[in-house]
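Inspection log for the structure reproduced underneath, given as structure tokens.
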Amino acid sequence: MKFLHTKAGHVVAFLIADVISVICAALIAWFSTPTQEFNAVVLCWILANIAVVVLALFLAQAYAMVLKVASLFDAFRIAIAVIAVSLLNTGFAMATDGRYITKGTSLLFGLLLFNLVIASRFFVRIFGVFAVFFRHGEKDKKRVMIIGGGVAASMIVEDLLTSEYATKRPVCILDDDPNKKGKHIINVKIVGEIAEAPQMAKKYDIDEIFYAIPSASAKRQKEIITILKDCKKPVKVLPGIYELADGKVTVSKLRDVEISDLLGREQVQVDLTQILAYIEDKTVLVTGGGGSIGSELCRQIATHHPKRLIILDIYENNAYAIEQELIRKYGDSLNLLTLIASIRDKGKIRDVFEKYRPQIVFHAAAHKHVPLMETSPNEAVKNNVFGTLNVATLADEFAVETFVQISTDKAVNPTNVMGATKRICEMIIQTVGKHSKNTKFVAVRFGNVLGSNGSVIPLFKQQIAEGGPVTVTDKNIIRYFMTIPEAVSLVIQAGAYAKGGQIFVLDMGEPVRIYDLACHLIQLSGYEPNVDIPIVCTGLRPGEKLYEERLMAEEGLQKTPNGMISIAKPIDLDEAYFWDTLDKLYRKAYEETDEMKKYVAELVPTYKYMQ
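Written out as structure tokens, the structure is:
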């Protein structure tokens, strides 16, 4: 029985069904014609048709069809094969003046064959549903409510009904099309509208909810998922419509709800022509290439055909992971080089620039964890400030075309060392860029990214899985969020706008209250906040703000061709004072004293620190 669930088993089943269909169609067509008798001629004709029909169906890829998602297109392919066989039979009848078979027999054979081949496939399909039903029974399976009554939902229903490993069964479907209410997908009834989900979840004693509307806009998806969290049942989501491109919509494609599903943001639009123009056939260096942002930069840059992509990181495990991912995807078509080095080591970084001559640099290497940098502030200064200074000055020296610094909204009016060091990095970029004759230096400032290393989302999920409590520093703390691919797309686009000395600011959408985010995740996991899973406020950590800002008071915003990217007006600096203070900061950082913070505050007056 297991063999029948394999690809080879499907092919064998189809072959047997097709041979039987040919024999039945041929016999009915032959004896439906007056004066026809069973003889050696009909036997030879049947055998010849078996060979021809199997060959025609093979060429029409009828044996490669996925039974669970068979469509009208599959029926069309079968029809083409049968028509070809019928034309051969009709040609043979005409060539022999009907001595062996008549044109009527040939046409009737083709009509019968098409219906029998189609019927045999649907019989196998229906047989699979009932076989699973009777073999496993239904009483021990989790009861599932499906959201959406379209093609994707029908595929999910059928996968649940036909998979021999299914541990869930579809009980009801919700869809907003009033014409579908009361109708069935296979044997599962569409019982109401999506807004009725909480009531229907109770009425049908639902254990789990599957969201199966991949074509919905991000805004509509957010609205629906917001309704579903009130059901207090685990929710699984079918990703975007691209999943339908290969027809493979199955239960295995469903995933947990991500916070990005609740942001309601449409896909970021970028000018691929502009991006291609400045990255294609160029040597691109990504520092911190193994990190969350750096690795996504590598993924997206690789799609734009660089001459060479250089991944540079101090942490070999992450660098190795993204290297292997890109090798698996691109093989020899991508000229890829992975280097292990610290941006603090100016001699090593000089060697990299001298040997490989990068034309584009994305500088993502940095210490980013706010609480850790509060306890190791000197390391933040050494790595973030002077590592950036090393890379930037070498980029200028070796005439790099474009230098893009990854910044953060924590650099605006910083209350922590990490944010203050990133603000100094922006100042370095603006100052070096102001005097550079060859290199366009820019920084890109944005907020929190979902799924980054140290992000609050994985922590919440782990705490929920462990039964709680979920910890939030303050009930009123808010943050801006964006997915990593979104942020990186805009970072690369900003590089195309680079003229030198600019700080680009990304539109992060509406801010999200972290407490609400924790509640949503708990509800979408099937629990009730502060009943099943407690939420505990632990107090703001050292250097943490209730909210982040995008701009300083002196800055204003200028528009770019992309509505999600703006330019912050640069703030004038006393360059002599800046470089002198930076020199003092360098000495104090390596003396390992807290006096270093005094010079950080001199460079970034809005940074206040505890003495």
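For the sequence shown, the positions run 667 to 1277 when my numbering is used. All C-beta atoms, glycine included, are put in the ideal place defined by N, C-alpha and C.
Taking all protein chains in view, the Cβ of E862 is surrounded by fewer than 16 other Cβ atoms within 10 Å, so the residue is classified as exposed. DSSP lists I1169 and L1223 as the bridge partner or partners of A1234. By the Cβ rule, the segment 750-758 counts as touching the segment 767-774, because three or more pairs are nearer than 8 Å. Boundaries of the beta strand (DSSP E) around G858: V854 to G858. With at least 16 other beta carbons inside 10 angstroms of its own, E1214 counts as buried. Of the candidates N983, L1000, V1138 and S1155, N983 places its Cα closest to the Cα of I1006.
Along the length of the segment 735-787, whole alpha helix (DSSP H) runs at least 4 residues long occupy 738-761, reported in chain order. In the structure shown, N1056 adopts helical secondary structure according to DSSP, grouped into three states.
The continuous stretches of alpha helix (DSSP H) do not include F1028, which lies in the beta strand (DSSP E) extending over residues I1026 to H1029. Excluding five sequence positions before and after F1126, the CB atoms of its chain that fall closer than 6 Å to its own CB belong to V1136, A1184 and L1187, given in chain order. Looking at A717, C710, F697 and L709, the one whose alpha-carbon comes closest to that of I682 is A717. Burial check for R1023: the Cβ neighbour count within 10 Å stays below 16, so the residue is exposed.
Per DSSP, L1000 lies in no alpha helix (DSSP H) segment and is marked neither H nor E.
Shortest Cα-Cα distance from V1078 to any of I1169, K1141, G814 and K919 involves I1169.
Taking the Cβ atoms as the reference, L992 lies roughly 12 Å from I976, outside the contact range of under 8 Å.
Taking P864 as the centre and dropping the five residues before and after it, the same chain places the C-beta of D896 and C897 closer than 6 Å to its C-beta, in chain order.
Under the Cβ criterion (8 Å, minimum of three pairs), the segment 1102-1114 counts as touching the segment 1138-1154. In this structure, C1091 sits away from N1044, with a CB-CB distance that is not shorter than 9 Å. Between the segment 1163-1181 and the segment 954-963, the count of Cβ pairs shorter than 8 Å is below three; the stretches do not touch. Note that the C-beta distance between V678 and I712 is not below 9 Å. Under the criterion of beta carbons closer than 8 Å, V1270 and P1080 qualify as touching, at roughly 6 Å. Cβ contact annotation for Q1096 (same chain, cutoff 6 Å, sequence separation greater than five): G1167 and P1236, in chain order.
Counting the other Cβ atoms within 10 Å of the Cβ of D1075 gives 16 or more, which makes it buried.
For Q1129, the three-state secondary structure derived from DSSP is helix. Taking a cut-off of 8 Å on C-beta distances, the segment 848-863 touches the segment 804-820, as three or more cross pairs fall below it. Within the DSSP secondary-structure output, S1191 pairs in a beta bridge with P900.
Distance from the Cα of L1060 is smallest, within the candidate group I1201, I1026 and H1035, for I1026.
Burial check for E1257: the Cβ neighbour count within 10 Å stays below 16, so the residue is exposed. Boundaries of the beta strand (DSSP E) around Y877: E874 to Y877.
Under the three-state reduction of DSSP, F1107 is assigned to strand. The three-state secondary structure of K1211, taken from DSSP, is coil. As DSSP reads the structure, Q1071 sits in a beta bridge with H1029 and A1109. H1186 sits in a helix when the DSSP states are folded into three classes. Comparing C-alpha distances from D843 to each of I860, L827 and A1255 shows the shortest one belongs to I860.
The beta carbon of K834 sits closer than 7 Å to the beta carbons of K807, K808, V810, L826 and E874 from its chain, once the five residues preceding and following it are set aside; these are given in chain order. Secondary structure at F1064: coil, using DSSP grouped into helix, strand and coil.
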